[in-house]
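In this text, residue positions in the sequence shown follow my numbering: the first is 34, and each later residue adds one.
Backbone N, C-alpha and C define an ideal beta-carbon position, used for all residues, glycine too.
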Amino acid sequence: MATTRDVAVLVGSLRKESFNRKMARALCAMAPETLACEIVEIGNLPLYDQDDDANPPPASAAFKARIQRAAAVLFVTPEYNRSVPGVLKNAIDIASRPYGKSAWDGKPCAVVSVSPGAIGGFGANQHLRQSLVFLNMPVLQQPEAYVGGAGDMFDADGRVTKEATRAFLQKFVNAFAAWVERNLMPLDEAALEALHAAPPVGDGRPAAGRPH
Ligand code: FNR
34 MATTRDVAVL VGSLRKESFN RKMARALCAM APETLACEIV EIGNLPLYDQ
84 DDDANPPPAS AAFKARIQRA AAVLFVTPEY NRSVPGVLKN AIDIASRPYG
134 KSAWDGKPCA VVSVSPGAIG GFGANQHLRQ SLVFLNMPVL QQPEAYVGGA
184 GDMFDADGRV TKEATRAFLQ KFVNAFAAWV ERNLMPLDEA ALEALHAAPP
234 VGDGRPAAGR PH
């Protein structure tokens with residue numbers, strides 16, 4: 034039996050009938066058995082405040098610990114005003130701090146953007162990749178997933194209606210599974226245990242001589 038990898042799936046929309054949430058669920062259902070996907074909720078997170086780095090709110094600390102546990106991350110996001118929705122950017126910022134203690138560091142990831150529009154959230158997808166480079170997350174290059182025409186993509190049960198779209202999504206999630214295996218971080222169990230025992234603390238100042 035294949036080893037399963039814990040994949041945190043982040044959805045950049047809080048809307049109940051979100052196309053992106055439907056897409057995230059569809060991808061989780063299609064994922065090969067090496068991936069154990071779980072949507073990690075981000076709608077309850079407070080706004081990131083650097084003053085709280087030494088003592089983050091419980092919801093933020095729990096979210097960061099959840100990301101720390103994950104082997105990989107899948108981002109499924111709409112485009113808001115040609116960029117990443119604030120709610121997703123907030124979650125990313127929360128788990129990235131204090132500086133030098135980012136939970137994202139080194140985790141393989143992939144980005145899917147979904148929009149009713151024709152260009153499939155290209156702007157959000159690319160803006161997100163800009164942050165992922167800084168966060169040192171190896172991001173799946175191909176296939177890119179700019180999914181347009183979401184308005185009639187799902188049936189009443191959330192199933193992707195078009196066979197061609199399903200085939201593309203299967204190819205995407207298979208490529209992601211292979212990407213995860215190629216880019217897995219070596220797990221330091223002792224460090225992880227210590228991290229889970231206490232929320233990360235720090236003064237948030239960058240290390241001398243390093244960009245921040
Ligand atoms: C949008 N929408 C949108 N769509 C797009 O393709 N490019 C864009 O820049 C924007 N900008 C934008 C800003 C804001 C504030 C909202 C609320 C919406 C439309 C968006 O794609 C649409 O509402 C999707 O349905 C949002 O995704 P979910 O919620 O269905 O996952």
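*Mark Asp86 as exposed unless 16 or more other C-beta atoms lie within 10 angstroms of its C-beta, in which case mark it buried.*
Buried.
* Asked: When DSSP labels each residue in this structure, what does Ile125 get in the three-state scheme?
  -> helix
Notebook entry, point to check: Got a sec, what are the start and stop residues for the beta strand (DSSP E) Leu107 sits in?
Noted result: DSSP places Leu107 inside the beta strand (DSSP E), whose first and last residues are 105-110.
How many whole angstroms separate the CB atoms of Leu107 and Phe209, which I take to be in contact at a CB cut-off of 8 Å? Confirmed, Cβ separation roughly 7 Å.
| Taking Cβ positions, are Ala103 and Val145 nearer each other than 8 Å? | no
May I ask you to check if the CB of Gly154 is nearer than 7 Å to at least one heavy atom of ligand 1?
-> yes
Identify the residues that DSSP records as bridge partners of Cys70: which are they? BP columns for Cys70 point to Val40.
Practice item. With DSSP collapsed to three states, give me the class of Ala87. Key: coil
Checklist entry - What residue from Cys61, Ala143, Ala41, Gly119 has the CA that sits closest to Phe96's CA? => result Ala41
* Asked: By how many angstroms is the C-alpha of Lys134 removed from the C-alpha of Ala62?
  -> 32 Å
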